[in-house]
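In the working numbering, the protein residues as written are 3 to 317.
Just so you know, even glycine gets a beta-carbon here, dropped at the ideal spot from N, CA and C.
It should be emphasised that the depicted structure is a prediction, and the values quoted were computed from it without experimental measurement.
Before any comments, here is the structure.
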Amino acid sequence: MTTASTRRRLVAGVLMACTSLAAACSGGTESGSKSTGTTPSKAIEGVAFDQKIADMLPESIKKSKMIKQITFQNPPYTAIGSNGDIQGLSTDVAAAVSKVFGVKVEQGKAAALADAKVAVQSGRYDVGFGPFLPSAESMKTLTVVQIMTTSKSILYKKTGATVDELTDLCGKTLASAAGSLPSLAAVKSFNTKICPQAGLPDVKSMQVPDQSAQIVAVQSGRAFAAQITDSSSSYFVKTHPGYAYYVLRDGNAKLFPAVPDGNIIDKKNTALSAAWLAALKKLYDSGALEKIYKAQGLAPDLMEPSIATKPLKAL
């Protein structure tokens, strides 16, 4: 098995400790339900209120003194416990941003990525944590504030076949999140370049709603592997020793590059987008954001916050 690196996954009070992921991954989430999970797993130092940045917030938020952030089950970025508490990177970033703004950031949990996106588009929530990719469709109505990079990996059972190189996946069924551009691009690369050049059968793609459904498909044997981020795979195998993963970028960095993604805000809410970016940049420049990512074992994913100006292309 090849991995980009061995990373520590330190998400407090999370799930995914049982064999059946149907319940563990869902965490009993309900679209738009609230949680008190805004307390970071560790105390965040070096973060202070900034009046200049707080003044950038929309008047509605200044009056309510609250930003509503929606997220969804997606460890290690967001982990929702059986009691509904939200932990992980989303909670730690929300707590730090809250200090900079001097307003509360209340988190809600959606059933899946698509539901979280709709929650922001409909105006029920101000910010979606994600990670969300800057797709052409999303950028029509949403601003994507990029805060991390992610790479695709293949999570599979050790009792199946060992994956030592890309061609080992030819002829196999891969479970992918419906509409995921990197996943669609990966399947295209396999079926137009990797597999035919090796004289091997195509990869088969199984489209399912979200990461939880992907892993359940692998557990049930309906799919050989799940296409999820290397950070998610690394997190999962630490509590599931019967699984292994292969990072696609290790096989061919040109065909399977790391991609930027992050938070989403309604495109019309330009004041909040500017303020959110300013707060994240302050945290980045001070080194606080790096400490937050390190605490979650996600330091390699950190990037300087920026607004996406070009949509990610489906290669």
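Within the same chain, and ignoring the five residues on either side of K284 in sequence, the residues whose Cβ sits closer than 7 Å to its Cβ are D52, I55 and V102. Bounds of any beta strand (DSSP E) do not take in F238; it lies within the alpha helix (DSSP H) bounded by D232 to T241.
As the crow flies, the alpha-carbon of L115 is around 10 Å from that of A121.
One Cα belongs to S92, the other to K142, and the distance between them is close to 24 Å.
Taking every protein chain shown into account, the CB of M68 has fewer than 16 other CB atoms within 10 angstroms, so this residue is exposed.
Along the stretch 63-137, the alpha helix (DSSP H) occurs as fully enclosed runs of 4 or more residues at 91-103 and 115-123, listed in sequence order.
Taking 7 Å as the cut-off, the Cβ atoms of V129 and L171 do not count as close. Take K160, set aside five residues on each side of it, and the residues of its chain with a beta-carbon closer than 6 Å to its own are G244 and A246, in chain order. Following the DSSP letters along the chain, one finds L144 inside the beta strand (DSSP E) bounded by residues L144 to T152. A297 and A179 have their C-alpha atoms spaced approximately 27 Å apart. Here N265 carries a strand assignment [DSSP, helix/strand/coil]. With fewer than 16 other Cβ atoms from the protein chains shown falling within 10 Å of its own Cβ, Q199 counts as exposed.
Shown here, L314 sits in a strand according to DSSP, grouped into three states.
Within the model, the alpha-carbon separation for V165 versus G132 is close to 29 Å. Scanning the stretch 153-203 from its first residue to its last, the whole alpha helix (DSSP H) runs of 4-plus residues come out as 183-191. Within its own chain, the residues whose Cβ lies closer than 6 Å to the Cβ of A177, once the five positions on either side in sequence are excluded, are M208, V210, Q216, A219, A225 and A228, listed in chain order.
Residue state for E47 is assigned as coil, using DSSP reduced to three classes. Just measuring C-alpha positions, the residue of L250, N193, P307 and S288 sitting nearest L279 is P307. If you check the CB distance, G253 and L168 come in under 7 Å. In this structure, DSSP gives A273 a helical state, which the three-state scheme calls helix. Using a Cβ distance threshold of 7 Å, L183 and S235 do not count as a contacting pair.
Remark: C-beta atoms of S137 and A260 do not approach each other more closely than 7 Å. Straight-line spacing of the CA atoms in K70 and L202 works out to 49 Å.
Residue state for P302 is assigned as helix, using DSSP reduced to three classes.
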